[in-house]
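Chains as they are written, first to last, in the numbering used here: chain A, 1 to 113; chain B, 114 to 225. I have placed the structure first, in the form of structure tokens, so that the comments after it can refer back to it.
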Amino acid sequence: KQEVTQIPAALSVPEGENLVLNCSFTDSAIYNLQWFRQDPGKGLTSLLLIQSSQREQTSGRLNASLDKSSGRSTLYIAASQPGDSATYLCALSAQGGSEKLVFGKGTKLTVNP
Amino acid sequence: EPEVTQTPSHQVTQMGQEVILRCVPISNHLYFYWYRQILGQKVEFLVSFYNNEISEKSEIFDDQFSVERPDGSNFTLKIRSTKLEDSAMYFCASRGGLYGYTFGSGTRLTVV
Numbered sequence: 001k002q003e004v005t006q007i008p009a010a011l012s013v014p015e016g017e018n019l020v021l022n023c024s025f026t027d028s029a030i031y032n033l034q035w036f037r038q039d040p041g042k043g044l045t046s047l048l049l050i051q052s053s054q055r056e057q058t059s060g061r062l063n064a065s066l067d068k069s070s071g072r073s074t075l076y077i078a079a080s081q082p083g084d085s086a087t088y089l090c091a092l093s094a095q096g097g098s099e100k101l102v103f104g105k106g107t108k109l110t111v112n113p
Numbered sequence: 114e115p116e117v118t119q120t121p122s123h124q125v126t127q128m129g130q131e132v133i134l135r136c137v138p139i140s141n142h143l144y145f146y147w148y149r150q151i152l153g154q155k156v157e158f159l160v161s162f163y164n165n166e167i168s169e170k171s172e173i174f175d176d177q178f179s180v181e182r183p184d185g186s187n188f189t190l191k192i193r194s195t196k197l198e199d200s201a202m203y204f205c206a207s208r209g210g211l212y213g214y215t216f217g218s219g220t221r222l223t224v225v
């Protein structure tokens, strides 16, 4: 059974700092890995999608990497801003079946002005 | 950018009552899902729907739950007799081909 772990559970940084959020998974037979952002009491906003054949994706100040052999993904946020404060969720789908997502519990990021 | 729309945003219901949560997925997507998130916990898969039938369901999705796509646009989740432990945020999502998921903004269900 796939397990997804995100470390740290919470992170507080000053504005302008570069930071890395970590996601690890137990089964490397994945199809897609997707990073989401969740604001308090709100829905999930997709940030980046990495397909299993890819190693990284970039969007603006965000860069996500995927290393299936080690069961790890990282989300790098450059020059953090207070507006980046949210919970960041890692989720992945397995090959075949319905490609349901298995989520980590998330990292709650606070960027202080 | 296309969106997944969920209604209502918040619903309060009495224990034992039936509720229907509604979703309008992205029009050209073929795969539809319901997930839920109990406060402070992980987002959990409930059910997936493809080609007008359930393709996979989790252990949570017991006989009290059902899904339907009554027309070409709506996708609904029905809970027949709500329990206190059904209180959660329910998310609808759709997926098209090689692209990732798009989630709705959720329905917060409170069972009292």
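Note that beta-carbon positions come from the ideal geometry of N, C-alpha and C, so glycine has one too.
C-beta neighbour in chain B for residue i, strict 8 Å
| i | result |
| --- | --- |
| residue 46 of chain A | yes |
| residue 57 of chain A | no |
| residue 60 of chain A | no |
| residue 89 of chain A | yes |
| residue 11 of chain A | no |
| residue 32 of chain A | yes |
| residue 71 of chain A | no |
| residue 43 of chain A | yes |
Other residues of its chain near residue i: CB distance less than 7 Å, five sequence neighbours each side excluded
| i | result |
| --- | --- |
| residue 203 of chain B | 134, 147, 149, 190, 219, 220 and 222 |
| residue 61 of chain A | 77, 78 and 79 |
| residue 174 of chain B | 159 and 160 |
Beta-carbon proximity list for residue i, same chain, < 6 Å, skipping 5 on both sides
| i | result |
| --- | --- |
| residue 162 of chain B | 145 and 180 |
| residue 10 of chain A | 108 |
| residue 188 of chain B | 136, 138, 145 and 182 |
| residue 112 of chain A | 14 |
| residue 44 of chain A | 36 and 38 |
| residue 24 of chain A | 5, 71 and 72 |
| residue 21 of chain A | 75, 88 and 107 |
Residue i vs residue j beta-carbon contact at 8 Å
| i | j | result |
| --- | --- | --- |
| residue 47 of chain A | residue 37 of chain A | yes |
| residue 88 of chain A | residue 106 of chain A | yes |
| residue 92 of chain A | residue 33 of chain A | yes |
| residue 192 of chain B | residue 177 of chain B | yes |
| residue 104 of chain A | residue 5 of chain A | yes |
| residue 143 of chain B | residue 209 of chain B | yes |
| residue 170 of chain B | residue 160 of chain B | yes |
| residue 103 of chain B | residue 200 of chain B | An answer regarding residue 103 of chain B cannot be provided, because it is not within the stretch 114 to 225 covered by chain B. |
| residue 74 of chain A | residue 86 of chain A | no |
Min CB distance residue i to chain A below 8 Å
| i | result |
| --- | --- |
| residue 203 of chain B | no |
| residue 216 of chain B | yes |
| residue 168 of chain B | yes |
| residue 213 of chain B | yes |
| residue 219 of chain B | yes |
Amino acids of chain B, ordered along the chain, whose beta-carbon sits closer than 7 Å to that of residue i
| i | result |
| --- | --- |
| residue 24 of chain A | The premise fails here: residue 24 of chain A is roughly 15 Å from chain B at the closest Cβ pair, so nothing lies under 7 Å. |
| residue 66 of chain A | Residues of chain B passing the Cβ test: none, with the nearest at roughly 13 Å. |
Within chain B, partners of residue i - CB distance below 9 Å
| i | result |
| --- | --- |
| residue 63 of chain A | Ordered by position in chain B, no residue passes the 9 Å Cβ test against residue 63 of chain A, which lies about 16 Å from the chain. |
| residue 92 of chain A | None at all; the shortest Cβ gap to chain B is about 11 Å. |
Under 9 Å by beta carbon: chain A residues contacting residue i
| i | result |
| --- | --- |
| residue 180 of chain B | Under the 9 Å cutoff, chain A gives no residues; its nearest Cβ is about 13 Å from residue 180 of chain B. |
| residue 155 of chain B | 4, 89, 102, 103, 104, 105 and 106 |
Other residues of its chain near residue i: CB distance less than 8 Å, five sequence neighbours each side excluded
| i | result |
| --- | --- |
| residue 132 of chain B | 124, 126, 191, 192, 195 and 222 |
| residue 217 of chain B | 116, 117, 118, 119, 136, 204, 205 and 206 |
Where residue i meets chain A, residues with beta-carbon distance less than 8 Å
| i | result |
| --- | --- |
| residue 158 of chain B | 100, 101 and 102 |
Contact set between residue i and chain A, taken where Cβ atoms lie within less than 7 Å
| i | result |
| --- | --- |
| residue 161 of chain B | 98 and 100 |
Amino acids of chain B, ordered along the chain, whose beta-carbon sits closer than 8 Å to that of residue i
| i | result |
| --- | --- |
| residue 49 of chain A | 212 and 213 |
Pairing CB atoms from the region 68-85 of chain A with CB atoms from the region 10-22 of chain A, are three or more of them under 8 Å?
yes
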